[in-house]
Each structure stands twice: as C-alpha cells, then as structure tokens.
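There are 2 protein chains.
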Amino acid sequence: MLRSIRTSIATVSISGTLPEKLQALKAAGFDGVEIFENDFLYFDGTPGDVRRMCEDLGLAIYLFQPFRDFEGVSAERLARNVERAKRKFELMHELGTDRMLACSNVSPDMIRDDALIVDQLGVLARTAEEAGVIVAYEALAWGRHVFSYKHAWKLVDAVNHPNLGLALDTFQRPTLSIRDSVDEIASIPGERIAFVQIADAPMLAMDVLEWSRHYRCFPGQGAFDVAGFTARVLEAGYKGPLSLEIFNDGFRAAPTAITAADGYRSLRFLEEQTRALIGENAPPELFNPPAPPEHIGFQFLEFAVDDTAREHVAQWLGRLGFRLAGKHRSKDVQLYRHGAGSIVLNAEADSFASAFFQQHGLSLCASAFHVDDAKLAFERAAAYGSKPFSGRVGPNERVVPGVQSPDGSLDYFVDEAPGDPTLWESDFVLTDIDGPYEVGPLSRIDHVCLSLPADALDTWVLFFRSAFGFETEAAVLVPDPYGLVHSRAVRSRDGSVRIALNASMDRYTAVSESLSTYRGSGLNHVAFSTPDNFDAIPRLEADGVRFLRIPRNYYDDLVTRFGLPDEQIDKMREHNILYDRDERGGEFFHAYMEQLDQRFFLKVIERRGGYDGYGAANSGAARGARATAAAGGSGGMRARGA
Amino acid sequence: MLRSIRTSIATVSISGTLPEKLQALKAAGFDGVEIFENDFLYFDGTPGDVRRMCEDLGLAIYLFQPFRDFEGVSAERLARNVERAKRKFELMHELGTDRMLACSNVSPDMIRDDALIVDQLGVLARTAEEAGVIVAYEALAWGRHVFSYKHAWKLVDAVNHPNLGLALDTFQRPTLSIRDSVDEIASIPGERIAFVQIADAPMLAMDVLEWSRHYRCFPGQGAFDVAGFTARVLEAGYKGPLSLEIFNDGFRAAPTAITAADGYRSLRFLEEQTRALIGENAPPELFNPPAPPEHIGFQFLEFAVDDTAREHVAQWLGRLGFRLAGKHRSKDVQLYRHGAGSIVLNAEADSFASAFFQQHGLSLCASAFHVDDAKLAFERAAAYGSKPFSGRVGPNERVVPGVQSPDGSLDYFVDEAPGDPTLWESDFVLTDIDGPYEVGPLSRIDHVCLSLPADALDTWVLFFRSAFGFETEAAVLVPDPYGLVHSRAVRSRDGSVRIALNASMDRYTAVSESLSTYRGSGLNHVAFSTPDNFDAIPRLEADGVRFLRIPRNYYDDLVTRFGLPDEQIDKMREHNILYDRDERGGEFFHAYMEQLDQRFFLKVIERRGGYDGYGAANSGAARGARATAAAGGSGGMRARGA
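So the sequences go chain by chain: A and B. Be aware that the first sequence starts at 1, since it is given in full-length UniProt numbering, and climbs by one per residue. Be aware that the second sequence starts at 1, since it is given in full-length UniProt numbering, and climbs by one per residue.
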C-alpha cells in the first residue's frame with residue numbers, strides 16, 4: 001500500500017485545552033501536530049506528559065513553534081538568544097520532537113545586515129547540531145528585514161548547514177498573500193525545505209499582520225491558490241508533512257471536534273487539487289478519491305413531517321401543480337411529483353425523519369441527488385469523512401447510499417440503470433396518475449438556500465467542495481433588518497445543482513434559534529425556475545399561490561436604476577416580481593411566495609441572458625418585506641427581546 | 001430655556017424595519033433622522049406614510065440619502081442624472097424633507113475635470129433650486145476624484161449657489177480617518193455647510209471603504225478625535241443638526257432600542273467633550289451635565305445571595321480577613337468589612353436583590369461608589385439616560401441615589417458629610433467589632449472585571465465614559481481556550497476606580513449562558529491589591545485561601561522571557577504568582593484564587609514601578625489553567641456541546 005502524505009496541524013488552529021485539541025486532532029485523522037508554544041505553556045503537565053499523551057494517541061510532534069527574534073542582533077543579545085535556544089532545544093528533547101520553527105526577526109531594533117544575519121543563523125545552526133535538532137527558518141510577511149521566502153532562502157542557502165532549513169508558508173511573501181509567483185519554490189532543493197505550513201484566506205484589503213492573525217482559513221475555504229503552492233513544494237522534492245497553521249478568531253471559538261475534522265478534510269482536498277494540478281507526474285501518495293459525478297441533479301427533496309405538517313405542505317404542493325404520485329411500500333412516506341421536481345414527505349414513526357421532526361419540526365431532512373454512479377459519489381463523500389447513513393430497507397426496496405451533512409440532515413445519491421426499475425418503482429406504490437407530468441409554469445429546481453448559524457458557513461463550504469466536488473461562488477454580504485447575512489453559493493461544475501448558504505450575524509435570532517427550537521441549519525427556500533415569470537406568476541396566482549408583497553417604493557427606484565419600460569415595471573409591481581441585471585446585461589426576475597413555514601418559503605425565478613447570480617441586491621427588499629409582513633403590516637413592530 | 005443642539009441619526013445605523021427604527025430613535029431622544037434610502041425602499045408604505053409616521057412621533061426628517069455618481073459624467077449621462085435627481089426631489093417633497101446628500105462619484109469612468117464638475121454641480125444646484133431643496137455634497141473617502149473635504153469645498157465654493165452646500169463627515173479625508181488636520185473646517189462659512197455627519201471608529205489598518213462600511217461606532221467608543229472635528233464645525237458657524245451615520249455590522253444585528261439609546265447618549269457625550277474643548281466660547285446650547293466626580297472610589301460591592309450562597313461567600317470572606325461588621329436595620333442584608341473594602345450580602349426577600357438572585361444566582365447585583373457629591377454624580381448619570389433606581393428605605397435610613405447599569409445591576413453613589421452619620425451608621429446595626437480594620441495583606445480593591453456578551457462591549461464602554469466620565473484604555477485581545485476575548489478597561493481619571501470589561505467571542509458558552517442561566521453580563525473577578533505579593537500570598541494560604549495552580553511550563557518560559565533571578569522564579573512558582581513587565585520596567589505580580597463560584601473569582605495583585613495594565617499577557621495562562629482545573633486535572637476534557 002502507498003504511504004500517504006503526512007498530515008499535520010498547528011495546535012493553535014482549533015479551540016480547547018491541549019489535551020482536548022490532541023484528542024480531537026487524532027480523531028479527525030491527523031498523523032501529527034505542531035505544538036504551538038502557548039498551548040504548551042498553558043498546559044499543566046510536563047513536556048514528558050505531552051510526549052506520552054501524543055505517543056498514546058499515536059500522534060507525532062512534527063514541530064515546536066514559534067521561536068522569535070534570534071537573528072540580526074548585537075553580540076550581547078546573541079549570547080542571550082543562544083541560551084534561549086538551548087533551553088528550547090532541551091524542552092524539545094523532552095517533548096520528543098527534533099524540529100523548531102524560527103521566525104524572522106520583527107523587532108524595530110533589528111540590524112539589517114545580511115552578512116551578520118548569515119553569521120548568526122550559522123551560530124543557531126551549529127547550536128542546533130549540538131542538540132541534534134533542525135531549525136526551520138521562516139520569513140514572516142511582516143518581518144523587519146526578512147519578509148520574503150526568497151530572501152529567507154538566500155540566507156539559509158548561504159549558511160549552508162544541514163541543521164538549518166527553510167520553512168515555507170502560504171502566507172509568506174511573495175507567495176499568496178501578495179499574489180506573486182510561487183514558481184521559484186520548485187527550484188529549491190527539497191531536502192533544504194525543513195517544514196511547510198499551509199493556510200488559505202479570503203482576499204482582504206487590510207494590514208497583512210492583522211489578516212494573517214485573524215482571518216486565515218482552511219484550504220478550500222478561501223481564495224488563495226494553495227494547490228499551486230503545494231504543487232511547487234512537492235515538485236521541489238519536499239517529503240515532509242503538510243501542516244495547517246490557521247489563525248482564525250472564529251475557529252478559536254468553534255467546537256473543537258468540528259474544526260479538527262474540517263482541517264483534516266481540507267488537507268485531503270488540497271491533495272486532490274494538487275494532484276490534478278501537477279497531472280501525471282503527481283506523487284502517487286497524494287489523496288485520490290473517486291472523482292465527483294460528472295452529472296448531478298436534484299432527484300428529490302425530503303421533508304420530515306407529522307400529519308398536520310404533511311397536510312399543510314400537501315396543500316401548498318397542490319397549488320403549485322404537484323400531484324400525489326405514490327406511497328412508499330413499507331413506510332409512511334408520500335411522493336409528490338411535478339415536471340419541475342419531486343418532493344417526499346416522510347412521516348414514518350421511529351425513523352430518522354421522525355427524530356429530525358422532533359428536533360426541528362417541519363424541515364428538510366434529506367436531499368437526494370441524481371448522479372451517474374451513486375456508489376462512486378457515495379464513496380467520494382465517505383472518503384472525505386462524511387458519515388454514511390443507512391435506514392431500514394424493506395424487501396425488494398432500493399438501498400440508497402447516503403451521507404450526513406454537517407447539520408445531520410442526509411444527502412442521498414441515486415442512479416438509474418437503463419431497463420432497471422426506477423427508485424420510485426422499487427420503493428413506491430405508484431398512483432394511477434403517475435407520469436408523465438406536465439411541466440406547467442415551473443420547469444426545475446434552480447437552487448436551494450440553507451440558513452446556517454454564523455460560524456458554520458466555512459464548514460458547509462468545505463463539505464460541498466470536498467464531498468461533492470462543487471465549486472464556490474464569491475461571498476456576498478446581504479442586508480437584513482436584524483443583521484447582515486454572509487452568503488456564499490456552491491454549485492456543481494455545470495451549474496445544474498446550486499446551493500446558496502446563508503449565515504446570519506443576528507446573534508439574537510439565529511443563535512437562540514439554533515440553540516433552541518431551530519437547532520442548527522435548515523432550509524431557507526427552494527427556488528423553482530420558470531422560462532417566463534410573467535406567464536408563470538399570474539397562472540400560479542390564479543391557482544391560489546400567494547406571493548410576498550414587495551414595497552411599492554422598490555419599483556419607483558427601479559425606474560431610476562435601470563430605465564426599464566414603464567409597462568414592464570407595472571407588470572412587475574402588479575405581481576411583486578423583483579429584478580436584477582448583471583454587468584453583461586443578463587437579467588434575473590424573481591418572486592417570493594408567502595412563507596410555507598415560519599422558517600422557509602418557495603421562490604419562482606427566471607434567468608435571462610446568462611444571468612448567473614441569485615439577485616442578492618434585492619435580498620434586502622425581500623427581507624424587509626418579510627419582516628414587515630411578519631410584524632403584521634406596514635405600521636407593525638416585531639417583538640424582539642434584548 | 002436654551003435651545004439645544006439638534007440631534008439626528010441615519011436610519012442605517014440601527015437594526016429593524018423602518019417603523020421599528022423610527023419608534024426606537026424617538027424613544028431614545030433624537031430630534032430627527034436621515035432617511036437612508038434602502039430603509040425607505042424596503043418599507044411597504046408611501047412616502048406620505050413615512051412623513052406621517054415621523055410627524056406623529058415628532059421626528060424631523062433632516063436628510064434623504066444617499067444620491068450617487070451625479071458629477072463628472074458625459075452630457076448624455078448628465079441628462080439622465082438630472083432626471084434621476086428630479087425624481088428623488090419629488091420623493092423628498094412627499095417625505096417632507098428639503099435636504100439631500102449627494103456623494104462624490106466613485107465610478108471608474110468618471111471624468112476627472114474640476115471645471116466640468118463645477119459646471120455639472122451647478123446644474124444640480126439649479127435643479128435643486130427649482131425643486132426648492134438643498135443638496136449637500138460630500139467627498140467620500142473612496143471617491144474616484146473628489147475624496148477630501150477640502151476638494152469638495154473648493155468645488156462647492158466655485159459653484160457658489162445657495163442650493164448647493166458642503167456635507168462634512170468625520171470619516172472624510174483628510175480629517176479623522178487619515179489623522180490629518182481638521183482646522184481648515186473652521187474657516188468655511190458656516191452657512192455653506194449643509195450637513196454634518198459624525199462617526200467614530202477604532203484605528204484599523206485596513207482598506208478605508210471596508211473600514212468605513214463595517215467598523216464605525218458611536219462617538220466615545222472609538223479612537224477618532226470626534227470632538228476636535230465637531231468643535232471646528234461649530235466654530236465655522238454651522239447651526240444644523242449633528243447627525244450620526246454609523247455603518248457597523250454589530251449594530252445592525254443588535255437590539256434596536258439599546259443601539260438607539262447608545263447613539264443618543266454618544267451625541268450628548270460628544271457635545272460635552274466639544275464644549276470642554278472649545279472652552280469659554282463654546283455655544284451655550286451644547287449639552288452641559290454635571291461634571292464627573294473629582295474623587296471616586298469603591299464604597300462597597302453588593303452580592304445577591306440566598307442563605308446557602310451567603311454562607312459560602314461569608315466563608316471565603318472570613319479566610320480573606322473580612323469580618324461581619326453589621327446587619328441592616330430593616331433588611332436581610334449583612335455587611336462585611338476589611339481595610340481593603342466592604343462587601344454587602346443581600347438576601348432580602350421580594351427585593352431588587354432577590355429578583356437578581358432569581359435571574360442570575362449568586363451575583364454582583366450592585367456596586368457603590370464613594371464620591372464627593374452623590375447627588376451630582378447621580379444627576380450626571382441620569383442626564384446621560386441611565387435609569388434611576390430607588391429601593392425601599394426604612395425610617396432614618398439613608399436614601400442612596402443609584403442608577404441601572406446596562407445589564408440591570410445597580411450603581412450607587414455615596415458621600416459622607418463631616419459630622420453626619422456614615423452610611424453604615426445610618427443603615428446598619430454595627431457589631432462590637434466594627435472598625436478600625438487592620439489592613440492585613442490586602443490594601444484595596446484595585447479593579448473589578450466584568451464578563452459581557454460579545455456585542456455589549458461598546459454599550460458598556462459608552463456607559464462608563466458618559467455616565468461616570470471615565471477614561472478608556474486600549475482594547476486588547478486575550479486568548480482563551482474556547483474563544484478570544486475582547487477586553488477593554490475603563491477608569492476614573494486618577495485611576496482609583498478601574499473596571500475591566502471582557503467580551504468573549506465564544507458563541508457557545510457566552511451566548512448560551514447569556515440567553516439562559518447567565519442572562520447578560522456579570523462579575524468575572526475582583527482584584528485586591530497588596531503592597532507585597534510575596535508576603536500576602538503565603539499569609540493568605542496559611543489562612544486557608546487556595547490559589548489556582550499555574551502550569552509549571554509557564555515559569556520555565558518566564559526564565560527565557562525576562563531573565564528573572566532563579567530564586568524569584570522559584571517563589572513565584574511555589575505560590576502560583578504570574579508576572580508581567582511593561583516597556584518602562586513597571587512590574588505586575590498577580591495570583592488567581594480558586595473560583596468562588598462557577599462564574600467568578602478573586603485575584604491578588606501587586607503593581608510596582610508604575611505598572612498600569614492588568615497582566616493581559618498572562619491571561620491565557622490563567623484561562624488555560626482554569627479550563628484544565630474545570631476539566632478535573634491535566635488529562636481531563638471539558639464536555640462541550642456542538
């Protein structure tokens with residue numbers, strides 16, 4: 001069996017005490033860790049205790065860090081720094097690690113003299129040699145004099161001592177934080193790279209130190225070309241661990257186990273991306289899960305219901321043109337179908353769905369995706385650490401592979417072989433009126449939008465990127481009367497499945513809901529697309545579907561913003577249709593149905609001219625209208641606790 | 001009676017729907033508002049509805065904003081922009097406001113030609129004249145070509161039309177965000193300043209647009225010299241409203257009424273500061289509350305207890321050398337005294353304290369401050385909108401003026417006139433052993449530290465700055481195993497009262513606690529100072545006081561950090577004393593007692609050589625140790641829900 005790439009993470013990346021961190025990191029799958037000095041200092045046990053704890057868990061200690069401000073100093077201070085280094089080397093012996101990270105000096109009184117620095121790094125290298133350890137020298141992006149990896153490499157190369165190597169970090173200059181080339185990394189001899197640290201981050205226009213200390217995230221969650229960096233590192237011949245070093249205020253306050261699992265998943269995902277980037281010369285030990293499905297679509301959405309909720313949803317579906325198409329052979333489960341999609345209502349007692357209903361009330365408990373090969377899609381998701389799920393299966397019923405989403409809801413993968421019975425035929429007693437279904441005004445599910453607790457957004461983005469192989473769209477900030485909403489969409493490569501993820505900053509509503517009745521994420525809305533909103537909406541209204549009233553002022557402003565013809569504005573006003581236009585002239589029409597439940601609703605949308613977004617610019621108007629409606633009209637107030 | 005300065009705020013500054021915002025702003029005390037266009041667009045009612053709502057409330061609409069990208073455009077676009085302006089002017093008539101904010105153009109294709117811009121602003125001014133409105137032109141700090149108030153003023157001056165004035169904003173260049181002089185403002189004719197917007201912000205090294213859009217705060221909460229700006233504006237002869245325009249992600253998610261009240265309080269505080277800055281020539285209508293007490297000290301801390309909690313706390317106090325000094329004449333309240341301070345334990349049924357105990361358990365329900373003149377101190381706090389409190393007073397007992405803190409706990413003000421009975425003599429039956437008390441190892445209360453929900457920090461800072469006239473210290477970020485802690489201290493001018501405010505980012509602990517058992521802020525610790533920690537701690541230990549064990553690793557590291565003598569380190573290790581040193585050589589020794597309650601504890605500190613901080617650098621060590629202790633030892637894990 002191939003030895004795989006060694007995975008590592010700095011203990012500073014997650015929350016908890018040192019023992020909590022180590023246990024969570026082991027459980028997540030990491031091979032080893034960097035011990036961040038403060039985690040050790042705040043731990044009430046000896047270095048030997050830490051060593052034994054790691055040995056018992058089977059975790060290697062790949063690095064001790066950070067050691068600061070050694071080089072470019074006066075002779076007197078050098079002597080003190082050597083003493084300081086010796087003490088840390090002793091500590092490292094007791095910890096059982098042979099590698100220390102030394103950061104380039106950030107002190108304002110550093111002496112900026114490369115020859116002197118080479119001399120002093122030489123002293124450090126020889127001191128390390130005596131102690132039998134290796135020092136990895138890193139150019140901090142905010143270093144006083146040495147702030148690029150190229151400069152650091154020049155110095156390390158000049159010292160030319162086996163006990164001093166180069167430490168590389170994606171957050172170094174001039175690599176990713178400065179968007180400069182990383183190509184020169186590939187020409188550094190691999191054995192001179194003593195350690196490699198990896199972090200992603202969103203692109204932010206801020207001081208690099210602040211950015212680095214507070215806004216890093218796991219690979220796949222940010223905007224850095226982390227795979228490009230890693231590819232060059234491997235091409236250089238580096239054989240050591242890939243180690244995450246993430247400073248993130250949110251991660252430090254998030255549940256330890258979840259962040260640890262995200263970290264491990266992100267490293268594996270990085271390996272897959274790096275493999276793709278390098279191509280056929282990629283090291284075979286890079287993680288190699290099954291490729292994501294080439295085609296994927298929504299097969300059905302499944303709601304957990306009780307009898308009352310079922311009746312309520314069924315009425316809604318009826319007005320939208322859905323028809324009861326079948327009943328499950330062995331469970332209290334109904335199938336509603338429509339040309340635009342299928343909805344399953346699950347009221348089975350003592351099942352996953354009933355547990356979900358108990359916890360969340362009427363809610364989306366599962367999403368099923370139609371794929372080329374359900375087994376492969378499942379295997380990919382499972383390879384990325386998603387928990388497999390299997391429910392009870394009756395005789396001759398289909399075993400549908402599924403995994404858990406981060407909130408515990410399920411994702412099923414379904415395929416159909418030509419000639420075989422379909423899932424519906426296997427598992428359901430179909431009604432006489434089963435198919436073919438008219439398309440009617442709605443043609444398909446365009447996207448699903450989920451509401452998340454504020455700190456869960458990164459977890460979900462990574463879940464869809466890795467387990468599903470989805471792409472991410474740019475993050476947007478959406479105004480809401482009760483707090484801004486961070487929104488980011490993920491989508492399959494061909495755009496056939498889109499999922500918008502909304503995380504509200506409203507601590508009072510979102511958190512209290514997530515801690516009490518709501519408990520985690522949940523459906524915000526399902527958007528059905530239509531080829532012609534101006535045809536579809538009046539037809540739906542005639543069938544009794546009610547739409548959210550949009551404030552008239554919105555339409556008066558539309559006139560000044562887009563110069564649309566009056567008659568079009570009049571129609572949109574009449575039917576409460578919102579409008580957006582992108583830079584290339586693509587147009588988006590969308591209307592919100594009245595709430596189906598206090599938490600979610602349905603939407604009808606039309607895309608024209610390649611419009612590719614979600615009408616975020618109008619989200620404020622819809623959210624304002626919804627808040628007004630919830631308060632019982634324009635003069636109303638929503639009661640809201642402090 | 002003097003007419004006061006008109007107070008205003010942009011509706012974007014707080015959360016809620018437009019009706020919610022307006023009602024909260026009126027209740028907070030504002031004279032009028034700026035209607036932020038999106039708030040209007042998302043409101044389902046006519047402009048006339050908004051006008052009537054404001055009239056019914058007695059709120060003026062001082063401004064409609066923003067109007068964008070008018071000037072520096074092609075002739076064709078100018079014509080469209082004039083149409084756009086006319087429509088907005090019509091809307092303003094219906095709203096009943098005569099003033100509109102026009103922001104300098106931010107479009108990349110703006111034509112950077114001052115002569116053209118002056119021409120086009122002239123067109124805007126004449127269009128405004130026809131409509132009977134005034135346009136206030138503002139240089140956005142991120143404007144394409146016009147991004148300083150000096151440039152904007154040059155253009156407005158050149159247009160020289162009464163319907164075009166200058167809008168000033170503290171977030172403009174080159175005023176506060178760029179830390180440049182604001183002195184030239186005073187030389188602009190006051191009648192040409194059409195509007196003044198005020199915001200404060202912390203100093204952040206980030207893109208000015210991001211900074212301005214997300215991190216503004218109310219005057220007194222940030223680091224800008226807002227009073228200096230306001231003084232120049234008033235010296236210029238500006239007579240219009242002072243209007244807050246705050247873009248803050250936290251405020252947009254915070255409870256509407258609290259933010260509105262903070263806003264009003266901040267404007268009044270700004271007026272007081274501005275008055276002080278201008279001196280005797282200050283406009284008499286500027287807010288003029290009683291000055292803060294010249295001398296202030298902790299008189300007593302009062303805990304809400306039941307019988308069990310009282311016994312528990314009394315034991316603790318006994319070990320620290322406190323003695324039962326008296327019982328209240330009419331209530332179930334006990335007084336414990338010590339040279340270092342007084343503690344009141346309140347178990348009175350059906351009282352404020354019992355309500356507090358019911359809600360929070362054992363908790364700090366009141367703090368009493370010794371001041372020169374209690375009536376004046378109370379009047380100042382009340383003038384800043386703090387709710388007065390008066391409890392039951394028995395015959396011949398003292399009426400102690402008090403106000404509510406933001407969390408509902410009380411602040412009392414106490415003074416003593418020579419010859420009159422003291423508060424203790426009036427209200428308590430004193431024991432034989434009443435005073436004089438030996439100082440013992442503890443000399444005084446150095447500071448009190450409160451734990452706050454994350455979004456309450458700004459509210460508390462402003463409360464102490466305005467109601468108490470306290471100064472603020474720099475904000476620091478403190479690591480904790482379960483989330484970073486934003487910490488900021490306030491203090492009386494002479495440092496005799498210091499209160500550290502800690503807001504944790506740990507959503508899971510802090511928020512769930514604040515929403516359930518904990519409900520808001522609460523005492524984190526009380527720090528007693530001692531002239532000699534190395535004398536005090538062993539004596540306290542001998543009396544049975546137990547101190548939190550600090551990890552040994554902390555002391556090993558101290559050696560390398562500060563080069564302290566071995567014997568000193570040994571003593572500190574033995575007695576679990578932490579150490580910090582400031583840049584000027586001032587030293588800080590502090591030790592944490594074991595938790596008195598699951599939420600709070602006591603601390604013993606010693607300051608040497610003018611050390612003025614709180615040992616934040618060690619907070620991580622103590623928090624780590626506490627988490628370890630809570631988990632039951634070094635190998636333990638704290639159970640923690642997701």
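Just so it is clear, CB atoms sit at the ideal spot from N, CA and C, and this is done for glycine as well.
Beta bridge counterpart(s) of residue i as assigned by DSSP
i        : result
His360/A : Partner(s): none; His360/A has no beta bridge.
Lys88/A  : Looking at the DSSP assignment, Lys88/A forms no beta bridge with any residue, so it has no partner.
Lys327/B : Gln334/B, Val429/B
Lys603/A : Ala527/A, Tyr592/A
Phe298/A : Phe369/A
Pick from the options that is closest to residue i, judged by C-alpha positions
i        : options                                : result
Arg623/B : Gln595/B, Ser496/B, Tyr611/B, Glu271/B : Gln595/B
Thr431/B : Asp535/B, Arg323/B, Ala382/B, Pro388/B : Arg323/B
Ala27/B  : Ile258/B, Tyr554/B, Leu423/B, Leu41/B  : Ile258/B
Glu425/B : Gln404/B, Arg398/B, Leu477/B           : Arg398/B
Leu523/B : Ile499/B, Arg268/B, Gln65/B            : Ile499/B
His93/B  : Val133/B, Ala75/B, Gln358/B            : Val133/B
Beta-carbon gap between residue i and residue j smaller than 8 angstroms
i        : j        : result
Ser487/A : Ala454/A : no
Glu280/B : Gly237/B : no
Tyr384/A : Gly29/A  : no
Asn346/A : Glu294/A : no
Arg6/A   : Pro241/A : yes
Ser13/B  : Glu245/B : yes
Ala136/A : Lys86/A  : no
Val497/B : Ile193/B : no
Glu184/B : Lys150/B : yes
Val106/B : Asp49/B  : no
Asp415/A : Val371/A : yes
Leu63/B  : Leu95/B  : no
Contact with chain C by residue i, beta-carbon distance below 8 angstroms
i        : result
Tyr554/A : Considering every chain present, this structure includes no chain C. Its protein chains are A and B.
Extent of the continuous alpha helix (DSSP H) run through residue i
i        : result
Arg232/A : 226-235
Leu188/A : Reading off the sequence shown, one finds Ile at residue 188/A, where the question assumed Leu. Looking at the DSSP string, Ile188/A is not in any alpha helix (DSSP H), and its letter there is neither H nor E.
Thr256/A : 256-278
Leu484/B : Segment: none, Leu484/B is in no alpha helix (DSSP H) and carries neither H nor E.
His312/B : 307-319
Glu397/B : Taken as a continuous stretch (DSSP letters only), Glu397/B belongs to no alpha helix (DSSP H), as it is neither H nor E.
Leu450/B : Looking at the DSSP string, Leu450/B is not in any alpha helix (DSSP H); the run it does join, the beta strand (DSSP E), is 444-452.
Tyr554/B : 552-562
Glu379/A : 374-383
Ala102/A : Not the alpha helix (DSSP H): Ala102/A falls in the beta strand (DSSP E), residues 99-103.
Val123/A : 114-131
Phe70/B  : Run containing Phe70/B: none; DSSP gives neither H nor E here.
Asn533/A : 533-542
Asp49/A  : 47-57
Where the beta strand (DSSP E) through residue i begins and ends
i        : result
Leu63/B  : 60-67
Gly165/B : 164-169
Rounded Cβ spacing between residue i and residue j (contact assumed at less than 8 angstroms)
i        : j        : result
Asp39/B  : Leu25/B  : Not confirmed; about 11 angstroms, so no contact.
Thr628/B : Asp157/A : Not a contact, Cβ separation roughly 43 angstroms.
Ser386/A : Ala304/A : About 20 angstroms; that fails the 8 angstroms criterion.
Tyr42/B  : Ala621/A : 5 angstroms
Gly220/A : Arg465/A : 5 angstroms
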